[in-house]
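Trainee: Take a look at this one; I'll ask things after.
Here is the structure:
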């Protein structure tokens with residue numbers, strides 16, 4: 008069974024903290040994604056990566072960075088957390104050229120206070 | 002041009018009724034249109050998908066209708082059941098592109 012695992016279900020962090028969200032997939036997928044989910048706004052792409060050490064900005068990259076040192080792991084970094092980054096964060100993976108199906112993790116609910 | 006617009010934002014349907022969710026897109030180069038279903042506390046999962054060379058695809062109670070000239074596609078859930086209560090996202094992608102563009106989501110509630 009395919010699996011995308013996010014390291015935390017819930018996180019509470021303080022304004023200004025550096026925050027790491029971790030994601031691991033076991034499907035040997037080339038592509039990995041970080042989305043942010045907010046009510047009424049759908050899923051907005053923050054960053055994605057199609058290979059190790061490769062990354063591309065999505066639609067809302069400001070305030071975020073990413074790291075992909077190994078194929079199976081994709082990390083989202085909030086350099087200095089702010090309250091407007093309170094949200095649900097979803098990691099996903101897909102095959103390169105695989106037709107578009109993405110497999111999602113269960114999500115991390117981040118609250119910045 | 003990269004946007005996908007989804008409506009309604011929320012929908013309440015009686016058990017046994019038909020649920021209909023609509024999406025519209027601008028980019029005529031999109032060539033893959035999936036629908037994702039998300040239950041509370043879970044990530045979205047692929048439900049059904051269509052390519053623009055067909056006008057309809059059916060899988061069980063779920064049907065995608067696709068209108069290429071109008072640049073619209075919709076999800077129909079026949080005989081809706083309480084277990085169908087979830088958030089539904091439409092999406093689109095370009096051939097050769099690696100990322101999906103998602104609609105805003107529809108929270109569907111099926112009343113028993």
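Chains as they are written, first to last, in my numbering: chain A, 8 to 120; chain B, 2 to 113.
Where is the CB? At the ideal position from N, CA and C, for every residue including glycine.
DSSP three-state label for residue 118 (chain A), please.
Mentor: strand
Trainee: Roughly how many angstroms separate the alpha carbons of residue 58 (chain A) and residue 14 (chain A), rounded to a whole number?
Mentor: C-alpha separation (whole angstroms): 21 Å.
Trainee: If you draw a straight line from the C-alpha of residue 64 (chain A) to the C-alpha of residue 42 (chain B), how long is it?
Mentor: 27 Å
Trainee: What does residue 21 (chain A) pair with, by DSSP beta-bridge criteria?
Mentor: Paired residue(s): none; residue 21 (chain A) is not in a bridge.
Trainee: Exposed or buried, what is residue 113 (chain A) when buried is set at 16 or more other beta-carbons lying within 10 Å of its beta-carbon?
Mentor: exposed
Trainee: Pull the bridge partners of residue 35 (chain B) from the DSSP assignment, please.
Mentor: B:50
Trainee: Indicate whether residue 33 (chain A) and residue 94 (chain A) have their beta-carbon atoms separated by less than 7 Å.
Mentor: no
Trainee: Can you name, in chain order, every residue of its own chain whose Cβ lies under 6 Å from the Cβ of residue 10 (chain A), other than the five neighbours on each side?
Mentor: Hits under 6 Å: 33.
Trainee: For a cutoff of 7 Å on Cβ pairs, would you count residue 54 (chain A) as touching chain B?
Mentor: no
Trainee: On a CA-only basis, which of A:27, A:108, A:86 and A:98 is nearest residue 55 (chain A)? Give me that one, please.
Mentor: A:98
Trainee: Which full runs of the alpha helix (DSSP H) of 4+ residues lie inside the stretch 54-95 of chain B, going along the chain?
Mentor: List check, alpha helix (DSSP H) in window: nothing returned.
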